[in-house]
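Take the position in the sequence shown, starting the count at 1, then add 55; the result is the number in this note's numbering. Ideal Cβ positions, reconstructed from N, Cα and C, are used throughout, including at glycine. All values reported here derive from a predicted model rather than from experimental measurement.
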Amino acid sequence: MSNLNYLSGLGPIWPPGLMPPGLSYMPDTQRTLVLLKPDALQRDLLGEIIRRFELKGLKIVALKFIRLSDEMLTEHYSHLADKPFFASLKQFMMQTPVVGIVLEGIDCVESVRKIVGATNPRSADAGTIRADFSMNVPSNLIHASDSVENAVTEVKRFFKEDELFSYEKITDRFQFGEGI
Ligand code: DAT
Ligand code: MG
């Protein structure tokens, strides 16, 4: 079970002794942060987007409504602080609560970015969430962490340790394990 160290900083995943028999996790299992933006809520797309992650086999380890503040958004979008659209982006993100989700899976950060698609929905690959359901920025439906390092920071930004859940599913051995 020493191969569980990859999630150090995010708390223990399996309480001692509760690891399913025969299950051996791949060392590159990760967690990532997703925010479903106000346009996803307004357009009744929350379920459709969550369903895509479920079908992929990513495990939802946290999920809640978040009322974003100007301060939280200034930190979250600090890489865009000098952009002319910074203020309107923050206003947009405060129009309704957002849905915060933490997903877990092998190479999860990159997988989720692929499923989400490019920032500009008109350039995003067909089949991605942004390409299939949106047309413009900032209303491109969803935020997803863009690197393993940022994912760790962003999960901590929006979720407390006791809001992250570890639980066993019978499908873990197929979706997380090295084989049957
Ligand atoms: P991403 O969300 O793909 O990680 P980002 O971090 O560069 O992209 O930008 C964050 C969000 O800011 C993006 O999802 C939508 C908004 N945004 C980006 N470029 C924009 C632009 N030119 N005009 C308006 N909003 C923009
Ligand atoms: Mg980004």
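Comparing alpha-carbon positions, the option among Thr-129, Val-167, Glu-103 lying closest to Ala-199 turns out to be Val-167. Per the coordinates, the alpha-carbon of Leu-96 lies some 13 Å from the alpha-carbon of Ser-189.
If you draw a straight line from the Cα of Leu-100 to the Cα of Asp-83, it is about 30 Å long. If you keep only unbroken beta strand (DSSP E) runs of at least 3 residues inside the segment 67-155, you get 84-91, 114-121. Taking 7 Å as the cut-off, the C-beta of Asn-205 does not count as close to any heavy atom of the ligand DAT.
Scanning the segment 145-213 for uninterrupted beta strand (DSSP E) segments of 3 residues or longer gives 153-161, 197-199, listed from N- to C-terminal end. The Cβ atoms of Leu-110 and Met-149 do not sit closer than 8 Å to each other. Here the distance from the Cβ of Asp-201 to the nearest heavy atom of the ligand MG is below 7 Å.
Per the coordinates, the alpha-carbon of Glu-223 lies some 12 Å from the alpha-carbon of Gly-232. The beta carbon of Val-192 lies closer than 7 Å to those of Thr-174, Asn-175 in the same chain, with the five residues before and after it left out. Taking C-beta atoms as the reference points, Lys-119 and Gly-160 fail to come closer than 8 Å. Taking C-beta separations shorter than 6 Å and ignoring five residues to either side along the sequence, the partners of Ala-117 in its chain run Val-157, Phe-214, Glu-218, Leu-219, following chain order. Placement of the Cβ of Tyr-132 at a distance of less than 7 Å from at least one heavy atom of the ligand DAT is found.
Nearest Cα to Asn-205 within the set Glu-216, Gln-230, Ser-194, Cys-163: Cys-163.
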